[in-house]
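Protein chains in written order, with my numbering: chain A, 1478 to 1593; chain B, 57 to 164.
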């Protein structure tokens, strides 16, 4: 299994500002993902972070709002741009072994974001 | 489209057995995972099914019927520490589509 860390663990931000969340893995991984978990809800996939190319976004999520970087196989960032209170959520990164069943994913501890 | 449904909440007694159901309708299917998530923590892996049938891991078992689009997680000998949310996730190619999640409360 992979050990995943995220920074910051939590933050309180003002509306209209942006926050960049970092995800670091202790080993090289093929796939990295970013999820959102709104209060009391399940996880929703935001995008797949691709190393060396643009991220692949899910329906309802756009690059201008959630720009993602993946400069190498152990690190990724997610930026939540021009924040509003509706962006208050937990943001989790995960890593997986795509192409190698059973496609298990391991999750980071999450970043709890509150927008006021 | 995709729909993955679970009961929102369940309550059970310590020492009992509880079954958490997950029904899904999704285009493309490569397997189904069950995760446990305690409040304020990251989800952790419980079990995985890709073929029909029952997979057993200690106190936890998971069942899959692909023809019926149905899975369940069975928890035996419930303990207080099993109070958590349980998430099923369908795998499409390499991506997870999570269900709505079930909050389980174990009572003494």
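We put the CB at the ideal spot given by N, CA and C, even for glycine.
- [ ] Tell me whether the beta-carbon of residue 142/B lies closer than 8 Å to the beta-carbon of residue 77/B.
- [x] no
Open item on the list: From the DSSP secondary-structure annotation, give me the bridge partner or partners of residue 59/B.
Closed with: 81/B
Open item on the list: Could you check whether residue 1514/A and residue 1555/A sit closer than 8 Å to each other, using their CB atoms as the reference points?
Closed with: no
TODO: Run through the region 1521-1577 of chain A for me and flag every whole beta strand (DSSP E) of 3 or more residues, listed as ranges in chain order.
DONE: 1545-1549, 1552-1557, 1566-1573
Task: Three-pair Cβ contact test at 8 Å for the region 1586-1593 of chain A versus the region 144-158 of chain B - done: no
Task: Which of helix, strand or coil DSSP assigns to residue 1503/A - done: coil
TODO: Spatial neighbours of residue 72/B within its chain, please: CB distance less than 7 Å, with the 5 preceding and 5 following residues excluded, ordered by chain position.
DONE: 134
TODO: Tell me, please, whether the CB atom of residue 1581/A is closer than 8 Å to any CB atom in chain B?
DONE: yes
Task: Alpha-carbon spacing of residue 81/B relative to residue 59/B, whole angstroms - done: 5 Å
Open item on the list: If you follow the beta strand (DSSP E) that residue 177/B is in, where does it begin and where does it stop?
Closed with: With chain B covering only 57 through 164, there is no way to say anything about residue 177/B.
Open item on the list: For residue 114/B, would you say it is in contact with chain A, using Cβ-to-Cβ distances shorter than 8 Å as the test?
Closed with: no
- [ ] Apply the 10 Å Cβ neighbour rule to residue 1509/A and answer buried if 16 or more other Cβ atoms are within range, or exposed otherwise.
- [x] buried
- [ ] Please decide whether residue 1525/A counts as near chain B, where near means a Cβ-Cβ distance under 8 Å.
- [x] yes
- [ ] Kindly indicate which residue of 150/B, 157/B, 161/B has the alpha-carbon position closest to the one of residue 1516/A.
- [x] 157/B
- [ ] Return the chain-ordered ranges of every alpha helix (DSSP H) run that is complete within the region 77-161 of chain B and spans a minimum of 4 residues.
- [x] none
- [ ] At 7 Å on the CB atoms, spell out the chain B contacts of residue 1584/A, in chain order.
- [x] 98, 99
Open item on the list: Cβ closer than 8 Å: which chain B residues qualify as neighbours of residue 1508/A?
Closed with: 150
TODO: Report yes or no: is there a C-beta of chain A within less than 8 Å of the C-beta of residue 154/B?
DONE: yes
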